[in-house]
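Peer 1: So the sequences go chain by chain: A and B.
For the first sequence, the numbering used here gives the first residue as 31, with consecutive numbering after it.
For the second sequence, the numbering used here gives the first residue as 101, with consecutive numbering after it.
Even glycine gets a Cβ: it sits at the ideal position worked out from N, Cα and C.
The following block contains the structure, expressed as structure tokens.
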Amino acid sequence: MNEGGEVVNASAIAAKKKLSASFFKKGVFVAILSGICYGLYSAFLTLGMTKGVWADWYGVNTAALSVFVITYLLGALGSAVNDTCSAGWALLNVSVKGKLGDFFRTINTTPGRVMILAALIGGPISSTAYVVGLQMAGSIVIPISALCPAIGAILGRVLFKQELNKRMILGIAICVIASFMIGSTSVGGEAKEGMFLGICIAFIAALGWGFEGCVAGYGTSMIDYEIGITIRQTISGLSNLIILVPIFGIISGGGVGLSQDLIVQAFTSGPAMIFFVISGFFALYAYSLWYKGNSMCGAALGMACNGAFSFWGPFFCFIILGVICGIDGWSLPPIVWFAAVLMALGILVIAMNPLDLFRKREDKLYETT
Amino acid sequence: MKPLNYAILKHFTKVKEASTEDVIEALKGKYGNFKALNRKDVLAALMTAEANGLLEETRFGMDEAGTLKIYYRAHKEGADTINKYIKD
Chain A
31 MNEGGEVVNA SAIAAKKKLS ASFFKKGVFV AILSGICYGL YSAFLTLGMT
81 KGVWADWYGV NTAALSVFVI TYLLGALGSA VNDTCSAGWA LLNVSVKGKL
131 GDFFRTINTT PGRVMILAAL IGGPISSTAY VVGLQMAGSI VIPISALCPA
181 IGAILGRVLF KQELNKRMIL GIAICVIASF MIGSTSVGGE AKEGMFLGIC
231 IAFIAALGWG FEGCVAGYGT SMIDYEIGIT IRQTISGLSN LIILVPIFGI
281 ISGGGVGLSQ DLIVQAFTSG PAMIFFVISG FFALYAYSLW YKGNSMCGAA
331 LGMACNGAFS FWGPFFCFII LGVICGIDGW SLPPIVWFAA VLMALGILVI
381 AMNPLDLFRK REDKLYETT
Chain B
101 MKPLNYAILK HFTKVKEAST EDVIEALKGK YGNFKALNRK DVLAALMTAE
151 ANGLLEETRF GMDEAGTLKI YYRAHKEGAD TINKYIKD
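This is the structure we're talking about:
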């Protein structure tokens with residue numbers, strides 16, 4: 031019996047072991063689920079951007095939008111509409127769960143401000159760097175995003191002294207190689223002028239996402255993860271709408287007036303908004319479960335599990351846009367399936383020593399004989 | 101008034117150790133109407149704080165009702181971090 035009057039017997043030890051194991055397993059499950067939600071949100075966002083007014087902008091283009099507007103401004107606008115819808119879902123969620131008061135109480139605190147910084151870096155800054163990099167260097171930058179789990183793990187080690195041993199580094203390397211293989215299927219043969227600068231800018235995006243996952247994951251050890259994600263989506267949606275889209279409007283020469291006009295058209299395009307509302311719903315869980323998974327099992331494992339989105343993204347685009355909607359060009363090449371298996375192996379290597387699986391089996395054999 | 105999660109962590113900078121039930125008992129006066137002040141959510145918050153090095157487990161055992169009770173404490177580094185980020 032301990033000093034509190036509780037009994038420390040075999041059943042207490044077994045219950046404690048079970049609780050600890052289920053917490054870890056739940057963390058891994060949550061992080062993997064975040065990657066799946068990420069894939070679904072990407073697919074519905076892509077679908078939304080083919081409907082309503084978006085079909086005209088990217089197709090016939092009766093509004094005569096410039097190449098710059100179509101490439102940069104519409105990309106940022108798509109993110110802004112998605113994140114704003116997601117913020118709406120997040121606010122509804124915290125209201126239903128009685129956490130709306132805590133959301134407002136959290137914003138103006140140190141962890142709240144850190145979460146805002148992570149949202150700004152991971153949201154508009156990284157997204158823009160990625161799109162700019164894509165435009166400058168071409169599709170070769172797509173696999174660069176695969177580096178963010180590795181960056182998150184390194185930052186987790188440096189900033190928060192999280193565990194990062196040789197086995198985990200090997201697992202992360204396997205995941206990065208697998209993501210790289212998936213991303214390489216999008217790489218064309220083009221070699222654009224300013225490619226090196228474009229790759230460097232895209233690296234800023236990977237750095238930003240790594241920072242966001244690591245810092246916001248740690249932040250959710252203090253902030254309720256559902257409040258954390260409400261801060262993230264609100265800040266990301268508003269900063270995209272109020273800052274980023276108007277900046278692109280000014281650079282394009284159309285001014286703030288053009289961006290305002292496009293924002294209004296996007297939000298009033300019913301056929302597209304249906305899919306943005308769905309993509310915003312999945313984005314809520316893509317990010318909130320990412321933060322939660324990272325806080326439960328550390329940035330290295332959490333980000334590797336979430337990093338499987340590089341498979342889930344093309345996979346759900348194939349299912350939703352290719353199979354269900356019958357749009358051509360979304361099938362998955364065999365290398366993607368192989369890379370998905372490789373990535374699962376990488377995640378296993380980060381989470382545990384695969385040899386333990388055989389050791390446990392041996393132990394059970396000894397126990398039964 | 102602080103957010104509930106902050107109050108839970110801050111509680112550990114003021115006591116030697118506490119279990120989930122102790123935390124709920126200590127905070128129910130101020131946060132009694134919060135839906136998240138329940139055993140499942142508070143335990144998840146404590147285990148997350150432990151996974152991130154803010155708290156550490158001190159002991160555990162079964163109470164008379166057969167419920168597992170786990171006690172946590174904020175070690176010096178954890179308490180310093182909590183006090184650094186969460187002000188009174």
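Nearest-angstrom Cα distance between A:Ile207 and A:Cys244?
Peer 2: 21 Å
Peer 1: Going straight from the alpha carbon of A:Gly201 to that of A:Leu292, what length do you get?
Peer 2: Rounded to whole angstroms, A:Gly201 to A:Leu292 spans 44 Å at the Cα level.
Peer 1: Just the C-alpha distance for A:Asn270 and A:Gly337, rounded to the nearest angstrom, thanks.
Peer 2: 24 Å
Peer 1: Under a CB-based cut-off of 7 Å, is B:Gly161 close to chain A?
Peer 2: yes
Peer 1: Could you tell me whether the Cβ atoms of B:Leu143 and B:Thr120 are closer together than 7 Å?
Peer 2: With a cutoff of 7 Å on beta-carbon distance, B:Leu143 and B:Thr120 are scored as near each other.
Peer 1: Is the Cβ-Cβ distance between A:Gly57 and A:Gln192 less than 7 Å?
Peer 2: no
Peer 1: For A:Met333 versus A:Gly182, is the C-beta distance shorter than 7 Å?
Peer 2: yes
Peer 1: To the nearest angstrom, report how far apart A:Phe98 and B:Leu154 are at their CA atoms.
Peer 2: 48 Å
Peer 1: Would you kindly work out how many angstroms separate the C-alpha atoms of A:Lys47 and B:Lys169, rounded to a whole number?
Peer 2: 13 Å
Peer 1: Whose C-beta lies closer than 6 Å to the C-beta of A:Ser116 among residues of the same chain, with five residues either side of it excluded?
Peer 2: Gln263, Gly310, Ala313, Leu314
Peer 1: Under a three-way DSSP split, which group does A:Ala94 fall into?
Peer 2: coil
Peer 1: Does the beta carbon of A:Tyr396 come closer than 7 Å to any beta carbon on chain B?
Peer 2: Low confidence applies to A:Tyr396: its pLDDT is 46, below 50, so where it sits in the model is not reliable, and the reading given next is rough at best. Not one chain B Cβ lies under 7 Å of A:Tyr396.
Peer 1: Leaving out the 5 sequence neighbours to the left and right, which residues in its chain are closer than 8 Å to A:Leu185 when beta-carbon positions are compared?
Peer 2: Gly240, Phe241, Cys244, Val245, Ala329
Peer 1: Would B:Lys135 pass as an interface residue toward chain A - the criterion being a Cβ-Cβ separation below 7 Å?
Peer 2: At least one CB atom of chain A sits nearer than 7 Å to the CB of B:Lys135.
Peer 1: Using DSSP's beta-bridge definition, name the partner residues of B:Phe160.
Peer 2: Bridge partners of B:Phe160: B:Ile170.
Peer 1: Assuming A:Gly82 and A:Ser299 form a contact by the criterion Cβ under 8 Å, report the distance between their Cβ atoms to the nearest whole angstrom.
Peer 2: 3 Å
Peer 1: Given that A:Asp86 touches chain B, what residues does it touch there, using C-beta distances under 9 Å?
Peer 2: By Cβ distance, chain B contributes nothing, its closest Cβ being about 45 Å from A:Asp86, past 9 Å.
Peer 1: State the beta-bridge partners of A:Val245 as determined by DSSP.
Peer 2: According to DSSP, which records beta bridges pairwise, A:Val245 is partnered with nothing at all.
Peer 1: Tell me whether A:Val162 sits in a helix, a strand or coil according to DSSP, three-state version.
Peer 2: Helix, per DSSP.
Peer 1: Which residues in chain B have a C-beta closer than 9 Å to the C-beta of A:Gly128? List them in chain order.
Peer 2: Residues of chain B with a Cβ closer than 9 Å to the Cβ of A:Gly128 are, in chain order, Asn133, Phe134, Lys135, Ala136.
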